[in-house]
Amino acid sequence: MKYIDVLRMSFGNLRRNKLRTFLTVTGVVVGIGAIVFLVSLGFGLQELAVSKVANLEALTLITVNSGSGADTALNETAVKKFEVINNVNLVSPILSTPAQIKNGEKSADTVVYGINPAFIGLEDVKPKWGENISEKDEKGVILSQAVVKGMEIDDPTQIIRKELNFNLIQLDDSGNIKNAEGTNVSLKVTGVTSEDKTKYSYANINILKGMDGKKYNSVKVQVKKRNDLADVRKAIESMGYPTTSIKDTVDQIDKAFVVIKSVLGGFGFVALFVAAIGIFNTMTISLLERTHEIGIMKAIGARNKDVSRIFTAEASIIGLMGGFSGVFAGWLGGAVINSLANYMATQVGGEQNHFFSTPLWFGAGVVTFAFLVSTISGIYPAKRAARLDPLEALRYE
21 MKYIDVLRMS
31 FGNLRRNKLR
41 TFLTVTGVVV
51 GIGAIVFLVS
61 LGFGLQELAV
71 SKVANLEALT
81 LITVNSGSGA
91 DTALNETAVK
101 KFEVINNVNL
111 VSPILSTPAQ
121 IKNGEKSADT
131 VVYGINPAFI
141 GLEDVKPKWG
151 ENISEKDEKG
161 VILSQAVVKG
171 MEIDDPTQII
181 RKELNFNLIQ
191 LDDSGNIKNA
201 EGTNVSLKVT
211 GVTSEDKTKY
221 SYANINILKG
231 MDGKKYNSVK
241 VQVKKRNDLA
251 DVRKAIESMG
261 YPTTSIKDTV
271 DQIDKAFVVI
281 KSVLGGFGFV
291 ALFVAAIGIF
301 NTMTISLLER
311 THEIGIMKAI
321 GARNKDVSRI
331 FTAEASIIGL
341 MGGFSGVFAG
351 WLGGAVINSL
361 ANYMATQVGG
371 EQNHFFSTPL
381 WFGAGVVTFA
391 FLVSTISGIY
401 PAKRAARLDP
411 LEALRYE
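Here the sequence shown is numbered in my numbering, starting from 21 and rising by one per residue.
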């Protein structure tokens, strides 16, 4: 019997018992839909958590701190060593110092971070008002909203492009004040971030270099690709410099969500297991109802493997129908809840987020899994059907 004939007979048999087929497929849809819905929630929450911790570019960054020895101090020599490491894209030292900002009679305390302007975006410093500092803007500065509020300014736009006096406090290696008078510089505000709790400012590193110049607080190293991060980090640490990366946090989040997704998927697997029992039951009942028919098929020349293929194909078709429908149902359920949650968030002025995410590879994998489970569930009834004695089957009523 040709495979096309096997498929034609299998579809015909399923159509003859439409209600039973519908109920069996529905069982698979419920199981697969539950798996897709729950695991998609896990994927969505994982992506949401990672996005809150870091953007994609931040995953290419390594923060280098000074080592314990004198030969592992962070200075220009160290920066040059980092720059020649394979697959390093950009190296930027960072300086920081406390400062007091004066705006007429008003003042506010802050910590000024001196950084290469090219790294501002990678630091996830994004002004809500105004714009980022550029490499051409030597005297530009970005303030957090907390600093602006400290100067009793309610509307951050009022301070954009305004020049402020910064009194930079110079500290020694022990953190003590080195110069009580400080260094006064005039900087122009280019942007203000939405951070309203932490008082920080970002300026061009050249401004702070002029104060002292020799040692850096830390150094940021950007690799060319995410896959290069581990090798570059290992090379830096082999020089004696301790390093950190936001990827460490992301890896911890990923490990936690592997467990969460496994637990959520487990609930769906219970439903799918029940559906598999339903397929087994359906195929067994079908065998009993079609015993006489099987006898006729064998009497006119059908082989055992032909009968087995028909029953196995029926189970596989149920799995594929339920698999595709279940994936769609699970995805649709997540999409509806995403839309409702975002609509409610918009109504109260909140931020829109995606709580459900269904990767294409996951959907394809679940359909394949449904196909395999259904096929396995139909193997025993198929073997029983194939082993039926033709004479006994013909006498069966």
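Each residue gets a CB set at the ideal place from its N, CA and C atoms; glycine is no exception.
Within 9 Å, strictly: CB atoms of residue i and residue j
| i | j | result |
| --- | --- | --- |
| A166 | D91 | no |
| R246 | V26 | no |
| Q120 | N187 | yes |
| S345 | V48 | yes |
| A486 | L94 | There is simply no residue 486 to check, as the chain begins at 21 and stops at 417 in what is shown. |
| G159 | K208 | For clarity, residue 159 is Lys in the given sequence; the question names Gly instead. Taking 9 Å as the Cβ cut-off, K159 and K208 qualify as a contacting pair. |
| N204 | N185 | yes |
| G383 | V56 | yes |
| T395 | T332 | yes |
| G298 | L43 | yes |
| F277 | L58 | no |
| I337 | S30 | yes |
| S258 | Y133 | no |
| I153 | I140 | yes |
| V241 | V145 | no |
| A405 | I52 | no |
Pairwise C-alpha distance: residue j and residue i
| i | j | result |
| --- | --- | --- |
| M317 | T388 | 31 Å |
| N123 | M171 | 7 Å |
| D273 | L79 | Here the sequence assigns Ile to residue 273, which means Asp is not the residue at that position. Cα to Cα, the separation comes out at about 13 Å. |
| Y400 | L34 | 18 Å |
| G343 | T304 | 21 Å |
| T46 | T269 | 41 Å |
| K403 | I357 | 44 Å |
| F300 | I320 | 28 Å |
| V70 | F376 | 14 Å |
| L81 | T263 | 10 Å |
| K325 | R407 | 9 Å |
| V252 | A355 | 40 Å |
| V131 | P118 | 4 Å |
| I180 | V368 | 29 Å |
| N85 | I256 | 10 Å |
| K267 | I280 | 20 Å |
| R323 | E313 | 14 Å |
| K182 | K169 | 15 Å |
| I105 | V99 | 10 Å |
| G285 | E143 | 36 Å |
| S282 | L292 | 15 Å |
| L191 | N373 | 43 Å |
| I135 | L228 | 9 Å |
| L392 | G339 | 8 Å |
| E103 | A295 | 59 Å |
| D157 | A54 | 55 Å |
| P147 | T41 | 59 Å |
| A390 | I24 | 22 Å |
Buried/exposed call for residue i, threshold 16 Cβ in 10 Å
| i | result |
| --- | --- |
| P379 | exposed |
| T213 | buried |
| L352 | exposed |
| M341 | buried |
| W149 | buried |
| G89 | exposed |
| V290 | exposed |
| E125 | exposed |
| P176 | buried |
| A365 | exposed |
| Q178 | exposed |
| K22 | exposed |
| A250 | exposed |
| V386 | buried |
| Y261 | buried |
| S265 | buried |
| E334 | buried |
| I438 | An answer regarding residue 438 cannot be provided, because it is not within the stretch 21 to 417 covered by the chain. |
| T218 | exposed |
| F287 | exposed |
| I189 | buried |
| T210 | buried |
| T97 | exposed |
| G32 | exposed |
According to DSSP, residues forming a beta bridge with residue i
| i | result |
| --- | --- |
| I396 | Its beta-bridge partners do not exist; DSSP assigns none. |
| Y220 | V131 |
| N187 | Q120 and N204 |
| E83 | One point to set straight first is that residue 83 is Thr, not Glu, in the sequence displayed. Bridge partners of T83: K240 and T264. |
| P113 | V239 |
| S15 | This structure does not reach residue 15, given that the chain is present from 21 up to 417, and the question cannot be answered. |
| G150 | G211 |
| I197 | L191 |
| V108 | V243 |
| K126 | N123 |
C-beta neighbour in chain C for residue i, strict 9 Å
| i | result |
| --- | --- |
| F31 | The structure shown contains no chain C; it holds only a single protein chain. |
Note to self: Any contact between the stretch 95 to 114 and the stretch 233 to 246? By contact I mean 3 or more CB pairs, one from each, below 8 Å.
What the structure shows: The stretch 95 to 114, when compared against the stretch 233 to 246, does touch it at the 8 Å Cβ threshold.
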